[in-house]
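S.K.: Residue numbers (the UniProt record's numbering): 1 to 296. Note that CB positions come from ideal geometry on N, CA and C, so glycine has one too.
1) Taking the straight line between their C-alpha atoms, what separation do you get for residue 154 and residue 268?
2) Which stretch, first to last residue, makes up the beta strand (DSSP E) that contains residue 292?
3) Return the chain-ordered ranges of every beta strand (DSSP E) run that is complete within the region 171-226 and spans a minimum of 3 residues.
4) Thinking C-beta only, is residue 203 closer than 8 Å to residue 209?
5) Return the Cβ separation of residue 241 and residue 218 in integer angstroms, given the expectation that the two are a contact with Cβ distance under 8 Å.
6) Does residue 261 come out as helix, strand or coil in the three-state DSSP assignment?
7) Let me know if residue 158 comes out buried or exposed under the rule of 16 or more other beta-carbons within 10 Å of its beta-carbon.
8) Taking the DSSP output, what are the residues bridged to residue 139?
9) Taking DSSP's pairing of strands, which residues face residue 104 in a bridge?
10) Alpha carbon to alpha carbon, what distance is there between residue 139 and residue 109?
11) Please list the terminal residues of the continuous alpha helix (DSSP H) segment that includes residue 236.
12) Hey, residue 178 and residue 127: beta-carbon distance below 8 Å or not?
13) When the Cβ atoms of the region 159-170 are set against those of the region 179-190, are three or more pairs found closer than 8 Å?
14) Could you check which residue in 256, 292, 290, 279 has the C-alpha nearest to that of residue 146?
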């Protein structure tokens with residue numbers, strides 16, 4: 001009963017039970033203790049995060065200020081090129097440039113002799129090279145660039161009319177005109193009109209004409225003058241379609257130049273054919289005084 005009265009008194013006074021009050025106080029104290037602890041942890045985390053951010057920013061700034069990214073080799077090379085003054089490249093001179101600048105002189109026996117010596121210098125021994133050398137008596141007068149083809153041939157072959165009448169052999173000619181191309185050969189045949197008289201001229205080049213056709217033509221009738229390129233003439237001699245037995249004059253179209261100012265002997269492939277032609281029996285016949293060479 002006493003307890004009931006006590007409870008009633010506490011309730012009458014508007015106060016809670018002392019045990020409950022104590023519990024509430026303990027809870028308040030626990031919350032009070034917890035709040036500052038949690039608050040301090042949050043502040044600590046915040047401070048750490050701020051320090052990390054500041055440190056990262058500082059590090060980035062230092063890297064930007066101090067560290068320069070290395071240049072690539074290509075960029076360095078370009079910088080060096082741009083720093084150096086550009087040198088003008090010298091344009092390589094072509095054969096045409098050299099010939100245009102040079103004083104063009106008419107060819108003579110010495111020019112042919114030098115050409116033969118240079119060509120065979122690494123292909124023949126000294127004794128064989130000496131055997132290839134021709135005497136001055138093997139040459140006709142050279143063109144001084146004042147003659148036309150007909151006037152030059154009249155000069156070096158004054159007895160042409162008599163010589164051409166005496167010729168009756170087939171597959172042979174008395175006069176060979178050696179030039180660089182088919183077009184040049186046709187042009188030379190036209191220039192022969194004033195010289196050849198009744199003599200018959202034949203085209204001896206490869207363009208549009210088969211070698212078999214030329215062999216048949218030479219065998220069919222008497223021809224006096226052959227005009228052609230070194231390659232085809234050599235081939236005809238090799239195949240025995242053209243005989244050197246009746247040949248007396250070999251005239252080289254030496255001084256004529258093409259659009260690039262090249263002579264026949266300045267063009268490598270034609271030069272090679274020309275040397276082959278000389279070796280096919282012409283040089284040997286010259287040394288025996290059977291053939292004479294003229295440079296037109």
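M.R.: The structure says:
1) Cα to Cα, the separation comes out at about 31 Å.
2) Residue 292 -> beta strand (DSSP E) spans 292-295.
3) Taking 3 residues as the shortest admissible run, the region 171-226 contains the following complete beta strand (DSSP E) segments, listed from N- to C-terminal end: 175-178, 201-204.
4) Between residue 209 and residue 203, the CB-CB gap stays under 8 Å.
5) Cβ-Cβ separation between residue 241 and residue 218: approximately 6 Å, consistent with a contact (criterion under 8 Å).
6) Residue 261 falls in the coil class under three-state DSSP.
7) Result: exposed.
8) In DSSP, residue 139 forms a bridge with 293.
9) Beta-bridge pairing links residue 104 to no other residue.
10) Distance between the alpha carbons of residue 109 and residue 139 is about 7 Å.
11) Residue 236 -> alpha helix (DSSP H) spans 230-238.
12) No, the pair does not count as a contact, with Cβ atoms beyond the cut-off.
13) No, the region 159-170 is not in contact with the region 179-190.
14) Between residue 146 and the set 256, 292, 290, 279, the nearest pair of CA atoms involves 256.
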